[in-house]
Each structure stands twice: as C-alpha cells, then as structure tokens.
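Chemist: Got a structure here, written out as structure tokens. Questions coming.
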Amino acid sequence: FESEDSSIRSLDSNEDPDGVWPNDDQLSKSLLHVAAETGDVPMVQALLAVGASPDFESEWGLTALRFASENGHAECVRLLLKAGADANNMGAMTQESDEILYPSLCLAAGARGRGSTECVAHLLECGARIDQKCDEGLSALHHAAESGLRLEVDYLIRAGANVNLLTTFPEHADVFRPQ
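Here you go:
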C-alpha cells in the first residue's frame with residue numbers, strides 16, 4: 210500500500226457487508242496480527258483506523274500486541290497500546306494449543322531470545338505489570354537474564370523489577386544459579 214488512505218480504501222472495499230471482518234471470526238490470525246507481527250506500521254494504523262480490535266485474540270489466544278512485542282516492533286506496540294490494547298493480556302489457551310502464554314512484557318524482554326528495550330518501555334508506560342509471570346513461571350526480568358540481554362535486564366531493574374522474585378516452577382531455578 211502506498212499510503213494510509215489507500216490502505217483504508219482497500220480495506221473498506223473488502224469489508225463484509227454485515228460489518229464483520231471475516232478474519233476476526235474465521236482465521237487463526239487477523240490482518241492486524243499479521244501487520245503487527247511483520248512490523249507494518251502503515252497497515253497497523255489503517256486497520257486500527259477502521260475499527261480493528263487491538264485486543265482481538267486468535268483462536269489460540271494470541272493478540273497483535275503479543276506478536277509486535279515478540280518481534281521487537283516498538284512503533285506497532287506503541288500504536289496498539291494507544292488504541293487500548295491491554296498491556297497485561299496473556300490470552301487464553303485452547304485445548305488444541307500447547308503454546309506457552311506470555312505477557313507481552315516477557316516477550317519484549319526476550320522470552321523468545323530477542324528483546325527490545327523500546328517495546329519494554331512502551332509496555333511499562335501503559336501499565337504492564339513488571340513482575341507478571343508467563344505460565345512457565347518466569348517474569349520479564351527472568352527472561353531477559355536467561356537470554357543474556359543486558360540492556361533489557363538493566364532497564365527492568367531501573368524500572369523496579371523485583372530482583373529477588375522466585376520462579377514459580379522449581380525446574381527453572383537452576384537456570385539462574387551461578388555454575
């Protein structure tokens with residue numbers, strides 16, 4: 210798309226006559242999920258402008274904010290939060306999914322091996338709970354430390370992360386002990 214206006218016109222021409230976006234109820238990822246995952250800022254802006262829900266969950270309980278946070282797309286994170294995305298939403302896992310549910314802050318801090326201090330900052334500014342844990346029992350600080358992401362570790366500590374917070378599950382305790 211060449212501009213936001215042309216994106217909106219294209220989206221409007223493809224809208225379901227009943228006013229329901231077909232992707233919202235029928236596909237595992239919405240257009241907003243894909244745009245956030247790939248860092249397509251103009252598309253995220255266009256989709257939010259025409260009413261895409263910033264907290265819409267895929268059938269696996271995943272949100273656009275989660276995709277943007279995981280991939281370090283700070284401007285997409287900022288736009289989604291500004292549009293009202295819940296900074297603490299972990300989604301809901303279905304029976305068919307073995308996906309680990311992470312708060313967006315854990316993903317931005319490096320839960321999948323890469324972090325983004327800018328995404329962490331946006332999430333904290335919009336109310337992300339700094340010590341919220343994923344369902345593996347690890348906080349954002351745990352993930353950043355485990356991934357060796359010094360900038361994210363330093364940022365989280367300066368922002369008030371609890372450096373004495375224990376992991377929830379005992380099998381993770383050895384990861385953080387000196388060898």
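Under our numbering, think of the first position of the sequence shown as 210, with each following residue one higher. Ideal Cβ positions, reconstructed from N, Cα and C, are used throughout, including at glycine.
Is the beta carbon of Ala-330 closer than 8 Å to that of Leu-289?
Modeler: Not a contact, by the Cβ cut-off of 8 Å.
Chemist: Could you check which residue in Gly-270, Thr-247, Trp-269 and Leu-240 has the C-alpha nearest to that of Val-259?
Modeler: The option with the nearest alpha carbon to Val-259 is Leu-240.
Chemist: Thinking just about the alpha-carbon of each residue, which of Asn-297, Ala-301 and Asp-249 is nearest to the one in Glu-268?
Modeler: Minimum Cα distance to Glu-268 is reached at Ala-301.
Chemist: Work out the CA separation of Gly-346 and Asn-232 for me, nearest whole Å.
Modeler: Its pLDDT being 40, under 50, Asn-232 is placed unreliably in this model, and the coordinates cannot settle the point.
Chemist: Suppose the cutoff is 6 Å on Cβ atoms and the five residues either side in sequence are ignored; what does the same chain contact list for Glu-284 look like?
Modeler: These residues qualify, in order along the chain: Val-250.
Chemist: Take Ala-358 and list the residues in its own chain whose beta-carbon comes closer than 6 Å to its own, dropping the five residues that flank it on each side.
Modeler: It should be noted that the sequence gives Leu, not Ala, for residue 358. Counting only Cβ-Cβ distances below 6 Å, and skipping sequence neighbours, we find Gly-319 and Gly-324.
Chemist: Could you tell me which residues DSSP pairs with Lys-342 in its beta bridges?
Modeler: Paired residue(s): Ser-348.
Chemist: Hey, how far is the Cα of His-242 from the Cα of Ala-277?
Modeler: Straight-line Cα distance between these residues: approximately 8 Å.
Chemist: Among Thr-247, Gly-270, Thr-377 and Leu-333, which one has its Cα closest to the Cα of Ser-348?
Modeler: Nearest of Thr-247, Gly-270, Thr-377 and Leu-333 to Ser-348, Cα basis: Thr-377.
Chemist: Report the three-state DSSP secondary structure of Cys-328 (helix, strand or coil).
Modeler: Here Cys-328 sits in helix by DSSP.
Chemist: Identify the continuous alpha helix (DSSP H) that holds Pro-251 and give its terminal residues.
Modeler: 250-258 is the span of the alpha helix (DSSP H), which, as asked, contains Pro-251.
Chemist: For Asn-371, which residues from the same chain have a beta carbon less than 6 Å from its beta carbon, with the 5 sequence-adjacent residues on both sides left out?
Modeler: Taken in chain order, the residues that qualify are Asp-340.
Chemist: For Tyr-364 and Gly-281, what's the separation of their Cα atoms in angstroms?
Modeler: Near 15 Å, if we compare the C-alpha coordinates of Gly-281 and Tyr-364.
Chemist: Which residue marks the beginning of the alpha helix (DSSP H) containing Phe-276, and which one marks its end?
Modeler: Note, Phe-276: alpha helix (DSSP H), 273-279.
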